[in-house]
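Quick note: the sequence shown, position 123, residue 398 per our numbering, numbers continuous.
What follows is a set of notes on a single structure, which appears directly below.
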Amino acid sequence: MKKIFSILILQIFIISTIGAIATPENINFDTVHINESITISKPKIIDESDFSTILLDEGNSYLLDSGSPMIPTVNKVYELPFGSKINNIDVSYNGNHEILLTKFIKPAKQPTPVGMDLKIQPDMEIYSNSDIFPKDKFTYRTGSGMSDDEHVLFLTIQCYPVWYNPGENILHYSDSIDIDISYSKGGYENTASADYDLVVISPKIFSSNLQKFIDHKNSLGINSFFKDVDEIYDEFSGRDKPEQIKNYIKYAIENLNLSYVLLVGGINYVPIRMTAIGWDHSTMHLPTDLYYADIYDGNGDFCTWDSNNNNIFGEYNWDDGNIDDVDLYADVYLGRIPCDKNIDLKIIINKIITYENNAYNSDWFNRILLLGGDTFPHHGVIEGELVTSRIAEEMDGFNSIFLWTSEETFKPLRINREATKGAGFVSYSGHGYLYGFGTSPPNVEKRIEYFTWYLPGMLNGNKLPIVFFDACLTATLDYKLFDLFKIPGFAYSIVKKPFGGAVASIGATRVAFTDVDWHGVNGGASYLNLHFFMNYEEGISVSEMLTKSQNDYINYVYEDCITLEEFILIGDPSLKTGGYP
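Set out below in structure tokens:
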């Protein structure tokens with residue numbers, strides 16, 4: 276089951292600086308100034324039944340604290356050299372215009388499971404007085420991560436050119452924003468003693484089959500090597516095995532100039548990090564591989580995901596937010612092949628090699644299958660179809676095949692028939708399960724479902740898509756029936772399927788959340804799905820598409836640890852979309 280929520284933009288932005296990977300001798304700071312002006316248009320007022328919604332042409336996010344007025348914001352993202360230090364930021368506004376509203380501004384909702392009361396509850400401490408909301412002129416955060424294969428410092432400034440006086444029900448807006456930034460430019464220098472692209476971390480039981488994969492990558496100029504996970508445990512320290520592996524990845528980035536990490540083996544062979552997510556007065560133990568990719572924190576130091584040192588990793592809840600100061604930006608591109616058997620690994624490796632050798636310039640690659648329906652009947656929009664229609668707009672060079680419940684084309688046999696023809700990509704938006712996915716016809720509380728046992732009818736051979744499952748649970752890696760029999764999640768089942776299926780997939784390891792309404796795709800799983808495809812360009816690696824969509828989420832939505840951590844890549848992170856010429 277997918278759950279629906281409204282994104283909570285946290286008022287507390289992490290204000291931090293960043294160090295460098297290099298030693299201090301390699302750092303040469305130069306002061307740099309950035310000045311930018313942004314013209315602001317008059318906000319649009321949309322009256323709904325009880326409240327008004329505010330739209331701003333320049334707005335690219337919202338301030339959505341639970342129960343607080345939904346104020347449009349302008350988020351500006353700057354990519355500064357890795358190792359830079361922020362000296363000063365100033366944001367000023369020119370002009371002050373007023374609009375007297377006839378209704379209160381719509382407040383943000385609490386994160387709400389489907390089936391519960393979705394009634395909006397305004398915070399009367401805000402709505403009953405004349406204090407200006409928001410109180411701050413702007414907020415900002417920094418974090419280290421990857422952009423176009425480079426380590427950078429992300430600086431995100433959230434500006435508030437629109438503000439509100441609830442007591443008098445007056446909306447204020449400015450004519451323009453002036454942003455002034457001063458920072459000391461870090462002089463990070465690459466001191467790596469070797470130059471590799473990809474490391475495969477796996478137990479030796481899979482090393483024989485992996486050699487074929489490594490030889491293939493090396494033949495394409497992707498300098499690759501194998502690293503025995505048991506050697507890592509012998510050579511690197513850490514509080515537990517995941518931290519030992521992460522310490523090795525840090526070493527490999529700094530000494531081998533590494534860009535890609537492929538974990539091979541189920542979580543009993545290569546462990547996954549379990550994080551502590553507080554939700555609904557309980558703790559959800561969320562498995563994530565993002566832990567291994569997020570190496571550096573906002574100061575350029577090792578990001579432990581346990582800043583309070585209580586040996587509970589990635590603590591997060593709705594009231595206190597990101598307790599362990601998890602940076603969330605990936606510093607290396609990472610994926611996993613969660614195999615337990617060599618026969619499955621052999622199938623997947625052959626798929627990858629065949630895909631990269633043959634997909635380029637093929638007719639089938641230019642098809643994209645778009646699957647969806649009414650995820651939450653009677654909620655006002657047909658969410659899955661809205662999301663996939665937006666994806667079709669972004670993928671305008673592809674032949675879009677819509678498999679929608681509203682057109683009665685979302686049916687297992689029809690899905691298999693279209694998949695058998697081949698496709699470069701598949702996007703699904705709806706509900707998901709360990710063993711499949713399903714969604715509803717418009718305003719009908721009855722799902723049409725596709726289960727694992729339909730996969731044998733997907734006979735697409737080597738015409739293999741990359742699939743994004745905007746849904747719950749499809750990438751579950753830790754389920755055991757009766758605590759005895761391991762059951763593979765659907766996202767892995769479609770990748771390891773012989774004679775067809777997919778070459779890679781992205782899915783959630785736990786319950787997913789979403790925020791889709793009449794004015795767009797605002798957050799949650801559907802935001803990642805849309806932005807995954809917005810970041811497509813010819814020849815980009817599949818992991819870079821995922822990382823860029825996660826970066827967009829952090830920069831323009833907020834530090835939603837649940838959504839960002841639970842979506843993982845099943846497959847080769849260095850996989851070149853569309854293959855090699």
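Backbone N, C-alpha and C fix where the C-beta goes; we use that ideal spot for every residue, glycine too.
Given the structure is predicted, the values throughout are model-derived calculations rather than measurements.
Spatial distance of E518 from S512 (CA atoms): 8 Å
I815, DSSP secondary structure in three states: coil
Per-residue burial, P562 [other beta carbons within 10 Å of its own, 16 or more giving buried]: buried
Contacting residues, own chain, Cβ-Cβ under 6 Å from L844 (five flanking each side not counted): G610, I781, S818, L821
Opening and closing residue of the alpha helix (DSSP H) in which P848 lies: It is not in any alpha helix (DSSP H) - P848 carries neither H nor E in the DSSP assignment.
Alpha carbon of N541 to alpha carbon of D753, nearest angstrom: For clarity, residue 541 is Gly in the given sequence; the question names Asn instead. G541 and D753: Cα-Cα distance of roughly 9 Å.
Delimiting residues of the beta strand (DSSP E) encompassing S494: Per DSSP, S494 belongs to no beta strand (DSSP E); it is in the alpha helix (DSSP H), 482-494.
Backbone secondary structure at D619 - three-state DSSP: helix
Under 8 Å between C-beta atoms of Y608 and M421: yes
Length of the line joining the Cα atoms of P613 and L538: 8 Å
DSSP three-state assignment for G610, whether helix, strand or coil: strand
Sheet register partners of H372 (DSSP bridge): Y448
Delimiting residues of the beta strand (DSSP E) encompassing D745: 741-745
Own chain, CB closer than 7 Å to K516, minus 5 neighbours either side, in chain order: Y508, P546
Residue range of the unbroken alpha helix (DSSP H) whose run includes A694: 687-695
Three-state secondary structure assigned by DSSP to K360: strand
Reference D490, options D424, Y448, N625, K521, closest by Cα: N625
Beta-carbon gap between A787 and A800 smaller than 8 Å: yes
Option in I598, K381, D453 with minimal Cα separation from I368: One point to set straight first is that residue 368 is Tyr, not Ile, in the sequence displayed. It is D453 whose Cα lies nearest to the Cα of Y368.
Expected contact under 8 Å - CB spacing of G647 and G659 to nearest Å: 3 Å
Complete beta strand (DSSP E) runs within the segment 693-718 (minimum length 3 residues, chain order): 700-704, 706-708, 711-714
Alpha-carbon spacing of G672 relative to I401, whole angstroms: 47 Å
Three-state class that DSSP yields for L645 in the structure shown: strand
Runs of alpha helix (DSSP H) lying entirely within the segment 543-616, each at least 4 residues, in chain order: 565-568
Cross-strand partners of C836 (DSSP beta bridge): Answer by DSSP bridge pairing: none, since C836 is not bridged.
Same chain, Cβ closer than 6 Å to N691, neighbours up to 5 away in sequence not counted: G732, M733
Anticipated Cβ contact below 8 Å, V352 with P436, distance rounded: No, V352 and P436 are not in contact; Cβ-Cβ is about 16 Å, not under 8 Å.
Neighbourhood of M549 by C-beta distance below 6 Å, restricted to the same chain and skipping five residues each side: H560, P562
Close Cβ partners of L709 (< 6 Å) along its chain, the five nearest in sequence each way excluded: L748, T751, Y754, G764
Rounded C-alpha distance that separates I480 from K410: 59 Å
Nearest to S637 (by Cα), restricted to the options D600, A605, S849, K738: K738
Limits of the alpha helix (DSSP H) - the one that H794 falls within: H794 -> no alpha helix (DSSP H), and no H or E assigned at all.
Between the CA atoms of S704 and D649 - distance to the nearest angstrom: 9 Å
Endpoints, beta strand (DSSP E) assigned at V474: 473-477
Cβ neighbour criterion (16 or more within 10 Å) applied to N310: exposed
Length of the line joining the Cα atoms of D503 and R689: 43 Å
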